[in-house]
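To start, the structure itself, in structure tokens.
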């Protein structure tokens, strides 16, 4: 398997990451990625960037050091109605939006409530990736989440960071396997994300690839493996 892009990466601007955008792009190039997205946390995450940071993405060139660059955001889902902490006028300017549940931003509910939070977020026309739905701190019902995401045109993320030893997420590998089985059943695509918070994790998918092989997940449902796969999660075609 060879991933062509990684859309889930963080820079110093997130407040709890440790590399610059240039360092991340350099690593993407070293790993042979065609494209890289930068997706710092939206403002409700403690220490993260002010909204003006994201409005200034216009200074980032389309291609840097031979890597195609996409400018996005990891929005925080703030309630069970799926509200995200990014205004619509800003969402529409971003190349893509990941929407995730984070402990500093929303308390966990029941599996039904957490599932509804994801699905309501996916009703936002600019949210096309649901981030790391694999954490037992936020239990979800995969039999509802997966077909619901497919109906709304949102891809589910297989987050490599959830699978590595020492991850703060609970039962990440077990839950990711359950997610993949449901995605196979409903023919719902997944998008791989490194969730890199330091440069050397950009494009790191070894753990995700191992799990994909273990559950015999179809390559054609992994968006990162297809040259056109990225178009499924972008807000602006290219």
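In our numbering, the protein residues as written are 2 to 239. We treat Cβ as the ideally placed atom computed from N, Cα and C, and that holds for glycine. Just so we're clear, the structure is a prediction, and the values are computed from it rather than from any experiment.
Whole-number beta carbon distance between residue j and residue i, since they are thought to touch under 8 Å
i           : j           : result
residue 168 : residue 138 : The Cβ separation is near 11 Å, so there is no contact.
residue 156 : residue 234 : 5 Å
residue 141 : residue 112 : 6 Å
Beta-carbon proximity check, residue i vs residue j, cutoff 8 Å
i           : j           : result
residue 66  : residue 30  : yes
residue 179 : residue 143 : yes
residue 5   : residue 181 : no
residue 73  : residue 40  : yes
residue 92  : residue 119 : no
residue 218 : residue 185 : yes
residue 236 : residue 127 : yes
residue 107 : residue 80  : yes
residue 160 : residue 206 : no
residue 188 : residue 224 : no
residue 34  : residue 68  : yes
residue 117 : residue 133 : no
Euclidean distance between Cα positions of residue i and residue j
i           : j           : result
residue 131 : residue 99  : 6 Å
residue 231 : residue 195 : 15 Å
residue 104 : residue 47  : 11 Å
residue 212 : residue 45  : 32 Å
residue 32  : residue 197 : 14 Å
residue 239 : residue 75  : 21 Å
residue 78  : residue 84  : 6 Å
residue 228 : residue 214 : 20 Å
Residue closest to residue i, alpha-carbon to alpha-carbon, out of the options
i           : options              : result
residue 241 : 220, 170 and 179     : Residue 241 lies beyond the residue range present for the chain, which begins at 2 and ends at 239; the question has no answer from this structure.
residue 204 : 37, 23 and 16        : 37
residue 115 : 135, 172, 160 and 33 : 135
residue 148 : 56, 190 and 28       : 190
residue 27  : 172, 10 and 212      : 10
residue 94  : 229, 78 and 53       : 53
Own chain partners of residue i with C-beta closer than 7 Å, once the 5 adjacent residues on each side are dropped
i           : result
residue 12  : 18, 20, 21, 22, 25, 39 and 41
residue 165 : 208
residue 64  : 70
residue 177 : 135, 159, 163, 164 and 212
residue 82  : 121
residue 216 : 178, 181 and 182
residue 173 : 135, 136, 163 and 164
Neighbourhood of residue i by C-beta, 8 Å cutoff - its chain only, sequence neighbours within 5 removed
i           : result
residue 254 : Since the first residue of the chain shown is 2 and the last is 239, residue 254 is not available in this structure.
residue 96  : 38, 71, 72, 73, 235, 236 and 237
residue 16  : 42, 46, 47, 48, 49 and 50
residue 150 : 119, 120, 123, 131, 156, 157 and 189
residue 56  : 91 and 94
Sequence-distant residues of the same chain with beta carbon closer than 6 Å to residue i, five excluded per side
i           : result
residue 129 : 155 and 234
residue 202 : 195
residue 199 : 19 and 20
residue 50  : 14 and 41
residue 2   : 210
Any chain C beta carbon closer than 8 Å to residue i
i          : result
residue 50 : In summary, chain C is missing from the structure at hand, where a single protein chain is found.
Closer than 7 Å: residue i CB and nearest the ligand PLP heavy atom
i           : result
residue 106 : For the structure depicted, the ligand PLP is absent and the ligand set is empty, with no information on it obtainable.
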